[in-house]
DNA sequence: TTGTATGCGTTATCAC
DNA sequence: GTGATAACGCATACAA
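Chains as they are written, first to last, in our numbering: chain X, 446 to 782; chain F, 446 to 782.
As structure tokens, this is what we get:
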């Protein structure tokens, strides 16, 4: 059987194409009887809508672009997967653009997304704090996940509660007996990292623990392992450190490896907690405690807001949606697996 | 400026829409002069093709479906990323379907892909050895990566040289001084694992080392950690084992953790090598030697073959394309990082 | 070498 | 409540 169209459906169910279209889209008026009739024929014939025609006519592509810095990063991969799945169920295709944290590539992708006339764009995180340049010919709605939009009033910004994450990570260390905490983070600091830092500092304050930038914070550079010498010296000059919060799990595992290499026992001498709950957190010795982001809720919120924008409902514009995180306790903070 | 179409281009460059179309697609005859003229106007106006119209007219969606078992698996994520990037450059969108190794979900996705009338499908690996059921109304071309198609003559099958991988992994252990090797793998064995096993066995043979299923192979089940007791007993009864090849890196890291927990030193007492070269292989202590698959070449080959099929060029049908792998030496087989 | 005209499958605007 | 019909932007068969 060749491609079957609404024309065929119309003929077989003895109505006009207009009516068939109305029934399919549940839009406009028609009697219950014709509805039944048409639906039956559709069922029998196995009719499938032609989205190209629909797109052409409606001037909508039913396609969403997703901008992601690095899909081999677990958190990003997880979010993308959620987005893809949920959008798919809603009849949307997705174009996933891996920018490699490269601003130039990002611009290039943005241009092509425009040319493919996507209905909307979801921007996940990004290279810098700069926000993102959207100099489109036509206005394309977009939402941001984990990246503050440049012009906040233009759109909506969804992210985990990184502040809360930083806070409960820190309290987990304190609860497991630490009183001299260290936060390890990268030099180039994202907006989400900034929140985690705030949570860390506030948790210390709340628990009446001392804090100073020099004694309780350590920065690592981009090139792997660069910091090992520096960090050793730091530890030597701060022998009282007994708990470490790394700004993410990858860094956490690196630090754990370093401590093991130095013969420093985790969690006996030093407790450790990361962020993201990546799968390998459970393969390390000891297993790594962490903070888990709710990627499903993040994605749900992002999609909901984006669809509203696409629908010209601007009530979410300027909003910031914050999703709670969860503590995952493991051996590195003295818990059983 | 509103959407600009070939009609506008035609008017502005003083030719007909037909000619504009010919120039754009470099198809049919036209003089160099008109080519220049049209291209100039296109450049100036920033014209962008409407893919919905093109699709409707050409009865092609310029969309490829990608079926993947689990995108949070590093190897799969890597392949998907490559596919996406390369297809994007070729003007194709992709729909990524994460099946979660669930046959039912897979069928459902397949149906929707058909309804979205994708031009082709790339199937990556899968739950079982059964191949995949393609009971489409219309024939959709597809290629398989790492999963033998059920009817091999129908399509093309691309995979790494898993045999070679198993072979050189084994020889790496032998080269670093091991003479009593163990292969650890999962109960449910994929076609690619099978090849790795063959390579393992043949490498032993070639090096005149003993081999028997009972002494040189250990199976683990699906639920994590199930095997720990059994494996301990196995090691106790096989004290001469001095090198382990795990069928993938995740398993390798699990085993490494187990050995550390048992106070068995890697690589001093026991050498270890995995497969896939996942990122965390470099965060473990010791770092894990591995076999790296060439995802770029795999993707390139898959796309090339698929596009041929879409173009009704059936010369690749029935072919099996094998991509070489590479050894990555690290501490777990006695190498410096 | 170029132009005219038709149709791809769908939705939306009118009429009735 | 329903039907005719005109668009949507593009590629192509056929004329010229």
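Cβ atoms here follow ideal geometry from the backbone N, Cα and C, with glycine treated the same way.
Discussion item. Between F:694, F:715 and F:609, which has its C-alpha nearest residue 704 of chain F's C-alpha?
Written reply: Selected option, being the one with the closest Cα: F:715.
Worksheet entry | residue 649 of chain F - containing alpha helix (DSSP H), residue span | Start and end: 636 to 651.
Worksheet item: Of all Cβ atoms in chain X, is any one closer than 9 Å to the Cβ of residue 596 of chain F?
Response: So, not an interface residue.
Worksheet item: Between the stretch 502 to 518 of chain X and chain F, which residues of the former have CB atoms less than 7 Å from a CB of the latter, in chain order?
Response: Correct list: 506, 508, 516 and 517.
Discussion item. Between residue 720 of chain X and chain F, is the shortest Cβ-Cβ distance under 9 Å, so that the two count as touching?
Written reply: Chain F contact via Cβ: absent.
Worksheet item: Could you give the residue range of the beta strand (DSSP E) that holds residue 513 of chain X?
Response: Run containing residue 513 of chain X: 508 to 513, per the beta strand (DSSP E) assignment.
Fill in: Partners in chain F for residue 772 of chain X, counting only beta-carbon separations shorter than 7 Å
Residues of chain F whose Cβ lies closer than 7 Å to the Cβ of residue 772 of chain X do not exist, since the nearest Cβ in that chain is about 21 Å away.
Discussion item. Can you tell me which residues form a DSSP beta bridge with residue 587 of chain F?
Written reply: Residue 587 of chain F is bridged to F:566.
Practice prompt. My understanding is that residue 615 of chain F touches residue 644 of chain F, with C-beta atoms under 8 Å, so please give their C-beta distance in whole angstroms.
Written response: Between residue 615 of chain F and residue 644 of chain F the beta-carbon gap is near 7 Å, inside 8 Å, which marks them as a contact.
Practice prompt. Have a look at the DSSP bridge pairing and note the partners of residue 662 of chain X.
Written response: DSSP lists X:628 as the beta-bridge partner residues of residue 662 of chain X.
Worksheet item: With 16 other CB atoms within 10 Å as the buried threshold, where does residue 701 of chain X fall?
Response: The residue is buried, with at least 16 neighbouring Cβ atoms inside 10 Å.
Item to complete: For the stretch 520 to 536 of chain X, enumerate the residues whose C-beta is nearer than 8 Å to any C-beta of chain F, in chain order.
Response: With the criterion set as a beta carbon lying under 8 Å from some beta carbon of chain F, the members of the stretch 520 to 536 of chain X are 522, 523, 525, 526, 529, 530 and 533, in sequence order.
Item to complete: Name the two residues that bound the continuous beta strand (DSSP E) containing residue 605 of chain F.
Response: For residue 605 of chain F, the enclosing beta strand (DSSP E) has its first and last residue at 601 to 605.
Worksheet item: Of all Cβ atoms in chain F, is any one closer than 9 Å to the Cβ of residue 614 of chain X?
Response: Chain F, which has no Cβ nearer than 9 Å to the Cβ of residue 614 of chain X, makes this no.
Worksheet item: How about residue 540 of chain X: is its C-beta nearer than 9 Å to some C-beta of chain F?
Response: So yes, residue 540 of chain X belongs to the interface.
Worksheet item: For a contact meaning CB atoms closer than 8 Å, what does residue 587 of chain X contact in chain F?
Response: Per Cβ cutoff of 8 Å: no residues; residue 587 of chain X is ~18 Å from chain F at best.
Worksheet item: Would residue 628 of chain F pass as a contact of residue 676 of chain F if the rule is Cβ separation under 9 Å?
Response: In this structure, residue 676 of chain F does not lie closer than 9 Å to residue 628 of chain F by Cβ.
Worksheet item: Mind checking residue 640 of chain F: buried by the 16 CB within 10 Å criterion, or exposed?
Response: Burial call: buried.
Item to complete: Would you mind telling me which residues of chain X sit closer than 7 Å to residue 706 of chain F, beta carbon to beta carbon, in chain order?
Response: Using a Cβ-Cβ cut-off of 7 Å, residue 706 of chain F is close to 730 of chain X, given in chain order.
Discussion item. Looking at residue 594 of chain X: is its Cβ nearer than 9 Å to the Cβ of residue 564 of chain X?
Written reply: No, they are not a contact pair.
Discussion item. Just verifying my parser: in three-state terms, what is the DSSP assignment at residue 556 of chain F?
Written reply: Helix.
Fill in: Rounded C-alpha distance that separates residue 550 of chain F from residue 557 of chain F
Each residue's Cα considered, the two are about 11 Å apart.
Discussion item. Assuming residue 391 of chain X is part of the beta strand (DSSP E), what are its boundary residues?
Written reply: Summary: the structure shown does not reach residue 391 of chain X, with chain X confined to residues 446 through 782, and so no result is reported for it.
Worksheet item: How would you list, in chain order, the residues of chain X whose beta-carbon sits under 9 Å from the beta-carbon of residue 745 of chain F?
Response: The contact set of residue 745 of chain F on chain X, defined by CB atoms closer than 9 Å, is empty, because the minimum CB distance reaches about 16 Å.
Worksheet item: Can you list, in chain order, the residues of its chain whose CB lies under 8 Å from that of residue 521 of chain X, leaving out five sequence neighbours each side?
Response: Around residue 521 of chain X, the same chain offers 513, 514, 515, 569 and 570 as residues with beta carbons nearer than 8 Å, after the five sequence neighbours per side are excluded.
Item to complete: Taking only the alpha-carbon atoms, compute the straight-line gap between residue 610 of chain X and residue 720 of chain X and give it to the nearest angstrom.
Response: Residue 610 of chain X and residue 720 of chain X have their C-alpha atoms some 8 Å from each other.
Worksheet item: Got a sec: is the Cβ-Cβ distance from residue 452 of chain F to anything in chain X below 9 Å?
Response: No, residue 452 of chain F lies away from the interface with chain X (no Cβ there is under 9 Å from its Cβ).
Worksheet item: In whole angstroms, what separates the C-alpha of residue 777 of chain F from that of residue 669 of chain X?
Response: The alpha-carbon atoms of residue 777 of chain F and residue 669 of chain X are separated by roughly 20 Å.
Worksheet item: What is the DSSP secondary structure of residue 611 of chain X, counted as helix, strand or coil?
Response: Three-state DSSP puts residue 611 of chain X in a helix.
Practice prompt. Could you tell me the distance, in whole angstroms, from the CA atom of residue 651 of chain F to the CA atom of residue 544 of chain F?
Written response: Rounded to the nearest angstrom, the two C-alpha atoms are 40 Å apart.
Practice prompt. Pair every Cβ in the stretch 485 to 501 of chain F with every Cβ in the stretch 495 to 511 of chain X, then say whether three or more of these pairs are closer than 8 Å.
Written response: Contact check between the stretch 485 to 501 of chain F and the stretch 495 to 511 of chain X: three or more CB pairs, one atom from each, fall below 8 Å, which counts as touching.
Practice prompt. Report the option in F:484, F:518 and F:451 whose CA atom is closest to the CA atom of residue 695 of chain F.
Written response: Minimum Cα distance to residue 695 of chain F is reached at F:518.
Worksheet item: Can you round the beta-carbon distance between residue 658 of chain F and residue 612 of chain F to whole angstroms, since I take them to be within the 8 Å contact cut?
Response: Their Cβ separation, rounded to whole angstroms, is 18 Å, which puts residue 658 of chain F and residue 612 of chain F out of contact at 8 Å.
Worksheet item: Across which residues does DSSP place residue 691 of chain F in a beta bridge pair?
Response: According to DSSP, residue 691 of chain F bridges with F:629.
Fill in: C-beta neighbour in chain X for residue 498 of chain F, strict 9 Å
Yes - at least one Cβ of chain X is within 9 Å of the one on residue 498 of chain F.
Worksheet item: So which of X:448, X:462, X:504 and X:459 has the shortest CA-CA distance to residue 490 of chain X?
Response: Out of X:448, X:462, X:504 and X:459, X:448 has the C-alpha closest to the C-alpha of residue 490 of chain X.
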